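Protein chains in written order, with this note's numbering: chain A, 110 to 141; chain B, 1070 to 1218.
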């Protein structure tokens, strides 16, 4: 099962705050 | 890094994962790379639930090193939130599971600090200082802990 990265960082930060969960933010240039 | 099953499991259990790709998410990449001062890739930030950066990994790492660095970041988040038991346990887990990783000496150091912060008993610092006489003697963390012996 892959990691399901989200791409809307604003939404992630809001969700993480609500859930009290840390965020992993990956700045990537990997081939897509 | 990312396809490693242990990494996938650890990330999914411990973080809300977000990715900004330099090309596919160029606007978000520009915004957040500036906000978090992350001009290079790969850069992985570990933020607490308030969006405050607590640890970062810059550049590629092999799987064991990468996972142990992720664990270090997660432990530092617990430490920053004064969750001393959890932080100490997470730091110790790094030393136990990845004793040869670069993260291990740092984790050993902070495990001692987390216990001290909980108890205010300097025994944990003394024991940590002594532990550094047995392992990781050449690390900068051993130098830092040498005053505790």
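Ideal Cβ positions, reconstructed from N, Cα and C, are used throughout, including at glycine.
This structure is a prediction, so every number in the text was calculated from the model and none was measured.
What does a CB cutoff of less than 8 angstroms around residue i pick up in its chain, not counting 5 residues either side in sequence?
i, result
"residue 1216 of chain B", "1198"
"residue 114 of chain A", "135"
Go ahead and pull the three-state DSSP assignment for residue i.
i, result
"residue 1126 of chain B", "strand"
"residue 117 of chain A", "coil"
"residue 1174 of chain B", "helix"
"residue 1075 of chain B", "helix"
"residue 135 of chain A", "strand"
"residue 1147 of chain B", "helix"
"residue 1189 of chain B", "coil"
What's the C-alpha gap between residue i and residue j?
i, j, result
"residue 134 of chain A", "residue 1160 of chain B", "21 angstroms"
"residue 1163 of chain B", "residue 1141 of chain B", "7 angstroms"
"residue 117 of chain A", "residue 1120 of chain B", "14 angstroms"
"residue 120 of chain A", "residue 1122 of chain B", "17 angstroms"
"residue 141 of chain A", "residue 1093 of chain B", "9 angstroms"
Specify, as a first and last residue, the run of the beta strand (DSSP E) that residue i falls within.
i, result
"residue 1115 of chain B", "1112-1116"
"residue 1088 of chain B", "1085-1090"
Measuring CA to CA, which of the options is closest to residue i?
i, options, result
"residue 1214 of chain B", "B:1127, B:1105, B:1080, B:1182", "B:1182"
"residue 132 of chain A", "B:1117, B:1111, B:1077, B:1090", "B:1117"
"residue 1205 of chain B", "B:1192, B:1177, B:1193, B:1190", "B:1177"
"residue 1188 of chain B", "B:1093, B:1111, B:1078, B:1151", "B:1151"
"residue 1135 of chain B", "B:1072, B:1218, B:1212, B:1200", "B:1072"
"residue 1171 of chain B", "B:1087, B:1139, B:1186", "B:1139"
"residue 1113 of chain B", "B:1081, B:1086, B:1158", "B:1086"
In the DSSP assignment, the alpha helix (DSSP H) including residue i goes from what residue to what residue?
i, result
"residue 1166 of chain B", "1153-1166"
"residue 1212 of chain B", "1209-1214"
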